[in-house]
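A.B. asks: The structure that follows is given in the form of structure tokens.
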Amino acid sequence: MGFNFERGVGEMLEDLGHRAESILYKVFERTRGQVNLFERFTRYDLKYPQRAECGNVHFAPNSVRDYDWGNPRPVLSLCDQWYHFPRLDGNPKLVDAHEWGGGDIRAHHRWWLHHFPHITGESDGIAWNWWQYVIDPNTVP
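Each residue of the sequence shown is one higher than the one before, starting from -3 at the first, in this note's numbering.
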């Protein structure tokens, strides 16, 4: 993976985030609904009202447009349940831009990437360590 060194570190993290999105969409392409864990991970309130989780590279859980990482609007989110993966049955909490750096591109992307599952195990042939696929796309099932 190459980066454009004329851009900042935040944009490099965004490139990594887009790489992760592309690979994980491929990993989960055969799954639908609640079992599509990456689709669930990327939920944000604008698209999934009252069911936000971690959002995606462009949309934080409370974003109303692309790159809206500084939005102060609180929304209910299950984002921190991803720290307990594969147990995703906790209660939502109110989150806003303070959770992911108040609008800073680097802080948001680090926050988002930090929520990726990274433990040993698998379900239905899909590893619970999503970083395995991001780092080596040749391991995609």
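Backbone N, C-alpha and C define an ideal beta-carbon position, used for all residues, glycine too.
(1) Return the CA-CA distance between G29 and F37, expressed in angstroms with no decimal places.
(2) Could you please give me the residues that DSSP links to K89 through a beta bridge?
(3) Kindly indicate which three-state DSSP category N0 falls into: helix, strand or coil?
(4) Between which residues of its own chain and A103 is the CB-CB distance below 7 Å, once the five residues before and five after are set aside?
(5) Expressed to the nearest angstrom, what Euclidean distance is found between the alpha-carbon atoms of F1 and E7?
(6) Per DSSP, I101 forms a beta bridge with which residues?
(7) Of the choices P70, G13 and A16, whose alpha-carbon is the least far from that of P45?
(8) Beta strand (DSSP E) containing E49: first to last residue?
(9) Roughly how many whole angstroms lie between the Cα atoms of V130 and K22?
(10) Report yes if the CB atom of Y40 is closer than 7 Å to the CB atom of P57, and no otherwise.
(11) Hey, how far is the Cα of A144 from the Cα of L20?
(12) If you check the beta carbons only, do G99 and G51 fall under 7 Å apart?
(13) For I115, is the classification buried or exposed, using 16 other Cβ atoms within 10 angstroms of its Cβ as the cut-off for buried?
(14) Roughly how many whole angstroms lie between the Cα atoms of W78 and W108?
C.D. replies: From the atom records:
(1) Cα-Cα distance, rounded: 12 Å.
(2) Looking at the DSSP output, K89 bridges to S73.
(3) DSSP, read as helix, strand or coil, puts N0 in coil.
(4) Answer for A103: W96 and G97, listed in chain order.
(5) So the alpha carbons of these two residues sit roughly 10 Å apart.
(6) For I101, which the question treats as bridged, DSSP gives no partner whatsoever.
(7) Closest in alpha carbon position to P45, among P70, G13 and A16, is P70.
(8) It is not in any beta strand (DSSP E) - E49 carries neither H nor E in the DSSP assignment.
(9) Taking the Cα positions, V130 is about 11 Å away from K22.
(10) Yes, the pair counts as a contact, with Cβ atoms nearer than the cut-off.
(11) The question about residue 144 has no answer, for the chain in this structure spans -3 to 137.
(12) No, these two residues do not count as a Cβ contact at 7 Å.
(13) With a threshold of 16 other beta carbon atoms within 10 Å, I115 falls short and is exposed.
(14) For the pair W78 and W108, the Cα-to-Cα distance works out to about 10 Å.
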